[in-house]
Amino acid sequence: MNYNKLDFVKCSKYAFAFSVIITVLGIVTLLVFGLNYGVDFKAGTNLDITVGQPIEKAKAEQLIKDAGFAAASITVGGDNNSRLSARFDSVLSENDVKKIIDTFKAEYGDKVSSEENTVDPSIAKELINKAITAVLIASLGIVLYVSLRFEWRFAVAAIVSLLHDAFAVISFFSIFRLQVNLPFIVAVLTIIGYSINDTIVIFDRIRENMRFAKLK
Numbered sequence: 401m402n403y404n405k406l407d408f409v410k411c412s413k414y415a416f417a418f419s420v421i422i423t424v425l426g427i428v429t430l431l432v433f434g435l436n437y438g439v440d441f442k443a444g445t446n447l448d449i450t451v452g453q454p455i456e457k458a459k460a461e462q463l464i465k466d467a468g469f470a471a472a473s474i475t476v477g478g479d480n481n482s483r484l485s486a487r488f489d490s491v492l493s494e495n496d497v498k499k500i501i502d503t504f505k506a507e508y509g510d511k512v513s514s515e516e517n518t519v520d521p522s523i524a525k526e527l528i529n530k531a532i533t534a535v536l537i538a539s540l541g542i543v544l545y546v547s548l549r550f551e552w553r554f555a556v557a558a559i560v561s562l563l564h565d566a567f568a569v570i571s572f573f574s575i576f577r578l579q580v581n582l583p584f585i586v587a588v589l590t591i592i593g594y595s596i597n598d599t600i601v602i603f604d605r606i607r608e609n610m611r612f613a614k615l616k
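Residue numbers (the numbering used here): 401 to 616.
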């Protein structure tokens with residue numbers, strides 16, 4: 401395919417349409433449902449259990465109910481669907497976790513293994529505040545850098561582009577109800593870095609072309 405003859409401007413309207421759809425859906429889902437915070441940002445306990453053989457989600461839910469608990473969400477995966485991840489909105493005690501594991505061992509034997517991750521409410525609140533602060537500081541630094549290297553109009557365009565790229569990821573997580581944990585913040589910051597890098601490259605080329613252009 402000869403990309404030199406490809407009309408990128410004509411194709412851009414499809415990209416704009418897709419971007420508008422994702423943005424609108426993201427805003428609606430955020431206002432209605434919000435983000436699906438994982439255990440890193442929401443106090444509670446996340447329990448990963450490996451049973452050594454395939455297990456269905458309904459079976460896992462029933463075993464947890466038999467132990468006297470109800471999980472906020474359960475996902476099954478791993479090799480041959482032998483691993484499940486159960487998230488509880490409340491913080492489980494050591495005895496609570498033991499009851500659940502004993503229930504699974506009674507069904508699948510001593511080959512059952514588990515991994516527990518518990519977040520205290522105060523720690524969850526602190527993580528959210530630090531994550532928001534990190535994103536704001538990164539955005540402010542980018543604004544100052546672009547303003548000094550180019551001019552304020554370029555900075556405004558860079559920030560609009562930056563917010564669009566970051567919000568697109570947030571929209572996908574909100575629409576498909578994916579869990580928002582610490583790796584999500586890392587991913588957003590990484591996208592911000594790549595976005596501003598591409599923007600700077602494009603702005604450099606625009607500035608070079610403007611030297612030979614007859615400005616009006």
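Where a beta carbon is used, it is the ideal one built from N, C-alpha and C, also for glycine.
*Once you ignore the five residues that flank Leu435 on each side, which residues in its own chain have a CB closer than 7 Å to its CB?*
In the sequence shown, the residue the question calls residue 435 occupies position 35. When the five nearest sequence neighbours on each side are left out, the beta carbons in the same chain lying within less than 7 Å of the beta carbon of Leu435 are those of Phe573, Ser574, Val580, in order along the chain.
*Identity of the residue in Ile559, Gly593, Ile542, Val519 nearest Asn582 by Cα*: Here residue 582 refers to the residue found at position 182 of the sequence shown. A small fix is needed here, since residue 582 is Leu in this sequence, not Asn. Comparing Cα positions, the closest option is Val519.
*How would you call Leu431, buried or exposed, if buried means at least 16 neighbouring beta carbons within 10 angstroms?*
To locate residue 431, count along the sequence shown from 1; it is residue 31. Here Leu431 is exposed, its C-beta having fewer than 16 other C-beta atoms within 10 Å.
*Locate the beta strand (DSSP E) running through Val586, then write down its first and last residues.*
Counted from its first residue, the sequence shown places residue 586 at position 186. Not the beta strand (DSSP E): Val586 falls in the alpha helix (DSSP H), residues 582-611.
*State the Cα-Cα distance for the pair Leu425 and Phe612, rounded to the nearest angstrom.*
Walking along the sequence shown from the start, residue 425 turns up at place 25. Walking along the sequence shown from the start, residue 612 turns up at place 212. Cα-Cα distance, rounded: 42 Å.
_Going by the DSSP bridge assignment, what does Phe488 pair with across the sheet?_
Position 88 of the sequence shown, counting from 1, holds the residue named residue 488. Beta-bridge pairing by DSSP links Phe488 to Thr445.
*asked:* In the DSSP assignment, the beta strand (DSSP E) including Gly426 goes from what residue to what residue?
replied: The residue labelled residue 426 in the question sits at position 26 within the sequence shown. It is not in any beta strand (DSSP E) - Gly426 instead sits in the alpha helix (DSSP H) that spans 408-432.
*Rounded C-beta distance between Val588 and Ala566? I'm assuming under 8 Å.*
Taking the first residue of the sequence shown as position 1, residue 588 is located at position 188. Taking the first residue of the sequence shown as position 1, residue 566 is located at position 166. Contact flag correct, Cβ pair sits at about 6 Å.
*Three-state secondary structure (DSSP) of Glu551*: One-based indexing of the sequence shown puts residue 551 at position 151. It is coil, neither helix nor strand.
_For Ile421 and Cys411, I'd like the C-alpha separation in whole angstroms._
The residue labelled residue 421 in the question sits at position 21 within the sequence shown. The residue labelled residue 411 in the question sits at position 11 within the sequence shown. So the two alpha carbons sit approximately 16 Å from each other.
*Can you tell me which of Phe441, Gly438, Ala458 puts its alpha carbon nearest to the alpha carbon of Leu484?*
Counting from one through the sequence shown, the residue named residue 484 turns up at place 84. With distances taken between CA atoms, Leu484 lies nearest to Ala458 out of Phe441, Gly438, Ala458.
*Between Glu456 and the rest of its own chain, which residues show a CB-CB distance below 8 Å, the 5 nearest in sequence each way excluded?*
The residue you call residue 456 lines up with position 56 of the sequence shown. Cβ contact annotation for Glu456 (same chain, cutoff 8 Å, sequence separation greater than five): Val476, Asn481, in chain order.
*Figure out for me which residue from Arg577, Val601, Met610 has the closest Cα to the Cα of Val428.*
Start at 1 with the first residue of the sequence shown, and residue 428 comes out as number 28. Nearest neighbour of Val428 by Cα position, chosen from Arg577, Val601, Met610, turns out to be Arg577.
*Measure the CB-CB distance between Ala557 and Thr503 and report whether it falls below 9 Å.*
As a working mapping, residue 557 is identified with position 157 in the sequence shown. As a working mapping, residue 503 is identified with position 103 in the sequence shown. For the pair Ala557 and Thr503, the CB atoms are not nearer than the 9 Å cut-off.
*What does a CB cutoff of less than 8 Å around Pro454 pick up in its chain, not counting 5 residues either side in sequence?*
Here residue 454 is taken as the residue at index 54 of the sequence shown, counted from 1. Closer than 8 Å at Cβ, skipping near neighbours: Asn480, Asn481, Ser482.
*When you compare each of Arg487, Leu562, Glu494, Phe550 to Ile606 by their alpha carbons, which one comes out closest?*
Locating residue 606 in the sequence shown gives position 206, where the first residue counts as 1. Closest in C-alpha terms to Ile606, from the list Arg487, Leu562, Glu494, Phe550, comes Phe550.
_Whole angstroms are fine: how far does the CA of Ile523 sit from the CA of Lys530?_
In the sequence shown, residue 530 corresponds to position 130, counting from 1. In the sequence shown, residue 523 corresponds to position 123, counting from 1. Straight across, the Cα-Cα distance linking Lys530 with Ile523 is about 11 Å.
*First and last residue of the uninterrupted alpha helix (DSSP H) at Ile500*: Translated into positions along the sequence shown, residue 500 becomes position 100. Looking at the DSSP string, the run of the alpha helix (DSSP H) that includes Ile500 is 494-508.
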